[in-house]
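Each residue of the sequence shown is one higher than the one before, counting from -18 in this note's numbering. Report on the structure given below.
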Amino acid sequence: MVSIGRFAPSPTGDLHFGSLLAAVASYLQAKSCGGQWLVRIEDIDPPREVPGSAAGILQDLERFGMHPDREVLYQSTRTGAYELAINKLLDSGLAYWCGCSRSEIPASGIYPGTCRYGLPPGKTARSVRLRVSDKIIRFNDAIQGLVAENLAETVGDFVIKRADGVAAYQLAVVVDDAFQGITEVVRGADLLDSTARQVYLQQLMGFKTPLYAHHPVITDAKGRKLGKRYGSDPITSLSPLQVLRRALVALAQPCPALAGMDELWHWALRNWQLSRIPAVRELILNPSDSE
Ligand SMILES: [Zn+2]
């Protein structure tokens, strides 16, 4: 079976170092073993989107020499598929309408199940929640190791259709990963907490669970995630070669002093080893480590 990986950014700004890392890691993992690498733009959250940013991200990927193997998929074209999936879950009783507003959810963030057995009097349907069961979801993360989570204890019944009518992130990702035949999901460890929900949705919807690999998120010495700046440098002020070198170092891959982008990619593809990435959620890195 050919492995199929993906990079799935939200168009909420420029490609920053954190998302570039996920792009590079997913690209190397898929392409180093002859697989395919796909790009999906997660543009179903209009209030958060920045106009022009999807095009900018795609241009940046090209600039770094990463070309998707199929046409880019835009989630904004997929609302019909999400609606179908939500209705199926509602029809089978696995999901239900909730009339609670955000202010009614306790500070713990765990939904107390208010509308689980029908809308209480006076409430009107706002969002759709998935009924979670009190059992442990397990998956073996290729970087972080065995992960076990009981959704009833960590999130409770979670939203799959938001009050504004938009499909929730968790649902859209699961529907699209299945639709695109994704076999491996390589992304930042900031999404590790979403994974058990996604695995549970896959189980309910009869989809295969892909291989998951969550690489550490790179922070500065103060614990801040590296975003548009890398250390003191905005990544736009560095050459793509310099940024790629920093990405390889951040992913714990050896990085020889090669002069050209093509040479470095060629080398990285031949020497990529996921097992070198440390099993931690956050990693502090000095920009000078890659010099
Ligand atoms: Zn409710």
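Here a beta-carbon is modelled for each residue, glycine too, at the ideal position from N, C-alpha and C.
- In chain order, 197 place their CB closer than 6 Å to the CB of residue 261, counting only its own chain and leaving out the 5 sequence neighbours on each side.
- Within the DSSP secondary-structure output, residue 165 pairs in a beta bridge with 192.
- Where residue 178 is concerned, the enclosing alpha helix (DSSP H) starts and stops at 173 to 186.
- For residue 95, the shortest C-beta to heavy atom distance toward ligand 1 is below 8 Å.
- For residue 19, the three-state secondary structure derived from DSSP is strand.
- Contiguous alpha helix (DSSP H) elements confined to the region 18 to 100 occur at 34 to 44 and 60 to 72, taking only those with 4 or more residues.
- Cα atoms of residue 89 and residue 82: separation of roughly 15 Å, rounded to the nearest angstrom.
- Beta-bridge pairing by DSSP links residue 122 to 126.
- Ranked by how close their Cα comes to the Cα of residue 122, the residues 92, 100, 136 and 168 have 168 in first place.
- At a cut-off of 8 Å, the beta-carbon of residue 104 counts as near ligand 1: some heavy atom of the ligand is closer than that.
- Residue range -15 to -12 is occupied by the beta strand (DSSP E) that includes residue -13.
- The nearest non-hydrogen atom of ligand 1 is less than 8 Å from the C-beta of residue 80.
- Here residue 148 is not near residue 238, since their CB atoms are 9 Å or more apart.
- Going by C-alpha positions, residue 108 is about 36 Å away from residue 42.
- Taken atom to atom, the span from the alpha-carbon of residue 188 to that of residue 159 is near 6 Å.
- Bridge partners of residue 265 according to DSSP: 200.
- In the DSSP assignment, residue 111 falls within the unbroken beta strand (DSSP E) covering 108 to 111.
- For residue 104, no alpha helix (DSSP H) segment is defined, and its DSSP state is neither H nor E.
- Using a cutoff of 8 Å, the CB of residue 168 does not count as near ligand 1, since none of the ligand's heavy atoms is closer than that.
- Taking each of 111, 113 and 130 in turn and checking the Cα distance to residue 120, the smallest one comes out for 130.
- For residue 5, the secondary structure class from DSSP, reduced to helix, strand or coil, is helix.
- Across the set 246, -9, 68 and 56, the C-alpha of -9 shows the shortest separation from the C-alpha of residue 37.
- About 4 Å separates the beta carbons of residue 137 and residue 92, which is inside the 8 Å limit, making them a contact pair.
- Here DSSP, grouped into helix, strand and coil, assigns residue 224 to helix.
- When rounded, the separation of the alpha-carbon atoms in residue 221 and residue 132 is 41 Å.
- Judged by beta-carbon spacing, residue 232 lies beyond the 9 Å limit of residue 195, meaning their Cβ atoms are not closer than that value.
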